[in-house]
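A quick write-up on the structure given underneath.
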Amino acid sequence: MKKGLLAVIMVLSALAAAAQESQEVYSFLRLPVSAHVAALGGDNITLTDDDATLIFHNPALISGVSDKTLNLNFMTYMDGSVTASASFVKAYQERATWGVSAQYMDYGKMKQTSVSNEDLGTFAARDIALAGSFAYLLANRLSGGITARFITSHIASYNSAAVAVDLGLNYADEDRGWSLSAVAKNLGGQIKAYEDDFERIPLDLQLGVMKRLIGSPLRLSATLSRLNNWDQGFIKRVAVGAYLLLGENIYVAAGYNFRRASEMKISDGDGESNHGAGLSLGAGLQLERFKLHVAYAKYHVSASSLLINVSFAL
Numbered sequence: 032m033k034k035g036l037l038a039v040i041m042v043l044s045a046l047a048a049a050a051q052e053s054q055e056v057y058s059f060l061r062l063p064v065s066a067h068v069a070a071l072g073g074d075n076i077t078l079t080d081d082d083a084t085l086i087f088h089n090p091a092l093i094s095g096v097s098d099k100t101l102n103l104n105f106m107t108y109m110d111g112s113v114t115a116s117a118s119f120v121k122a123y124q125e126r127a128t129w130g131v132s133a134q135y136m137d138y139g140k141m142k143q144t145s146v147s148n149e150d151l152g153t154f155a156a157r158d159i160a161l162a163g164s165f166a167y168l169l170a171n172r173l174s175g176g177i178t179a180r181f182i183t184s185h186i187a188s189y190n191s192a193a194v195a196v197d198l199g200l201n202y203a204d205e206d207r208g209w210s211l212s213a214v215a216k217n218l219g220g221q222i223k224a225y226e227d228d229f230e231r232i233p234l235d236l237q238l239g240v241m242k243r244l245i246g247s248p249l250r251l252s253a254t255l256s257r258l259n260n261w262d263q264g265f266i267k268r269v270a271v272g273a274y275l276l277l278g279e280n281i282y283v284a285a286g287y288n289f290r291r292a293s294e295m296k297i298s299d300g301d302g303e304s305n306h307g308a309g310l311s312l313g314a315g316l317q318l319e320r321f322k323l324h325v326a327y328a329k330y331h332v333s334a335s336s337l338l339i340n341v342s343f344a345l
């Protein structure tokens, strides 16, 4: 077991070292899949609800998901683009849980021209990620998880492939209302480049905390992302959120992502404005077997996005 784990770590380290300092690829992996997470600022790794979409954000969190839960997701993005995903989570014995998931992004048709601006028709681009996850209750309040992911991308006649691993931990103290998590996302690299140069995949080290105010239906969260890259200031790593329960089955949530608000500023007649980017809103219905989550946010300067999750325990 130890030898196998060491071999995996060595392979992932070699892949990461082989990646050149070039433009990052597979950026679709940075988009939130969970509407619950999206509503809390787009980066959250500490939610401990019975929500199968958390498999995409912290594999340790599927320990709290109901047995045999099927989940389907859809998000509107830029005009002409479609992004969808799905997952299935299954409990195994008393402490283990496994799951499978898939993500798909189709960027639609784009005009293709030559260097002399000659019209060559159109081309398509799409990204796909397939993954398997495993989580285990290491102690009564501590769970760990791992996701192994295969990624492929097609742009016109070019294609590439990569392998990556997510590692996650979560400590949840329900009596005191605390949830603490640490996640390393997309450890790995390309195994096939579009051309000759291998490119970076979106490695992301995250820390998060969520606190339920005792005697109150309100939870507050804060998540630090991209801790592996300190090119920018601290505040751009922060996403904060507030989550309010309305009765036993309904919640509303809001969040703010400081990085998104900064990166999406554009100039207009009155100076620079992010036109509401960074702010996110959402709500959800959580019944025993059926769950519906909806969130609204902006992930691109050209359009707003609506993210919808539907889950059902079979």
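Per the working numbering, the very first residue in the sequence shown carries number 32; after that it's consecutive. We treat Cβ as the ideally placed atom computed from N, Cα and C, and that holds for glycine.
Query: Look at the alpha carbon of Ala47 and the alpha carbon of Leu234, and state the distance between them as a whole number of angstroms.; Result: Residue placement at Ala47 is flagged as unreliable, the pLDDT there being 42, under the threshold of 50; the coordinate-derived value follows with that caveat. Whole-angstrom Cα-Cα distance: 9 Å.
Query: Pick from Val131, Ser164 and Ala160: whose alpha carbon is nearest that of Ser15?; Result: Here the chain has residues from 32 to 345 only, and residue 15 is not among them.
Query: Going along the chain, which residues of its own chain have a beta-carbon closer than 6 Å to the beta-carbon of Ser342, five neighbours each way excluded?; Result: Ala83, Thr100, Asn102 and Lys322
Query: Roughly how many angstroms lie between the CA atoms of Ala314 and Trp209, to the nearest whole one?; Result: 22 Å
Query: Under a three-way DSSP split, which group does Ile379 fall into?; Result: There is simply no residue 379 to check, as the chain begins at 32 and stops at 345 in what is shown.
Query: Of the choices Tyr57, Val68 and Gln54, whose alpha-carbon is the least far from that of Ile270?; Result: Contrary to the premise, residue 270 reads as Ala rather than Ile in this sequence. Answer by Cα proximity: Val68.
Query: Using only the alpha-carbon positions, how far apart do Asn340 and Gln54 sit?; Result: 31 Å
Query: Mind the definition here: the stretch 158-177 touches the stretch 200-219 only if three or more C-beta pairs lie below 8 Å; say whether that holds.; Result: yes
Query: Cβ atoms of Ala292 and Gly309: under 8 Å apart, would you say?; Result: yes
Query: For a quick check, are the C-beta atoms of Asp81 and Val96 less than 8 Å apart?; Result: yes
Query: When the Cα atoms are used, what is the spatial distance from Ala49 to Val56?; Result: Confidence is the limiting factor: at Ala49 the pLDDT is only 39, short of 50, which leaves the residue's position unreliable, though a coordinate-based value still follows. If I take the Cα positions, the gap works out to 14 Å.
Query: Just how far apart, CA to CA, sit Arg250 and Gly111?; Result: 36 Å
Query: Quick check for students: name the residue ranges of the alpha helix (DSSP H) that lie wholly in the stretch 236-307, counting only runs of 4 or more.; Result: 289-294
Query: Taking buried to mean at least 16 other C-beta atoms within 10 Å of its own C-beta, is Glu52 buried or exposed?; Result: Since pLDDT at Glu52 reaches only 40, below the 50 mark, its modelled position is unreliable, and no value is offered.
Query: Less than 8 Å between the C-beta atoms of Ala166 and Thr114, yes or no?; Result: no
Query: Output the boundary residues of the beta strand (DSSP E) element that contains Val131.; Result: Ala127 to Thr144
Query: I'd like to know whether the C-beta atoms of Gly199 and Ala179 end up nearer to each other than 8 Å.; Result: no
Query: Looking at the structure shown, is Ile232 part of a helix, part of a strand, or coil, going by DSSP?; Result: coil
Query: Output yes or no for whether 8 Å exceeds the beta carbon distance between Ile186 and Ala156.; Result: yes
Query: Compute the distance between the beta-carbons of Ile76 and Gly239, then report whether it is under 8 Å.; Result: yes
Query: Output the distance between the C-alpha atoms of Glu125 and Asp98, rounded to the nearest integer angstrom.; Result: 11 Å
Query: Name the residue from Asn260, Val283, Gln134 and Arg290 whose alpha carbon lies nearest to the alpha carbon of Ile266.; Result: Arg290
Query: From which residue to which residue does the alpha helix (DSSP H) around His67 run?; Result: Ala66 to Ala70
Query: Within the same chain, show all residues whose beta-carbon is closer than 7 Å to that of Val283, passing over the 5 residues directly before and after it, in chain order.; Result: Leu275, Leu277 and Ala314
Query: Please state whether DSSP places Leu60 in a helix, a strand or coil.; Result: helix
Query: Which residue spans inside the stretch 147-183 form an unbroken beta strand (DSSP E) run of at least 3?; Result: 150-168
Query: Give me the Cβ distance between Tyr108 and Ser336, rounded to the nearest whole Å; I'm assuming they're in contact under 8 Å.; Result: 6 Å
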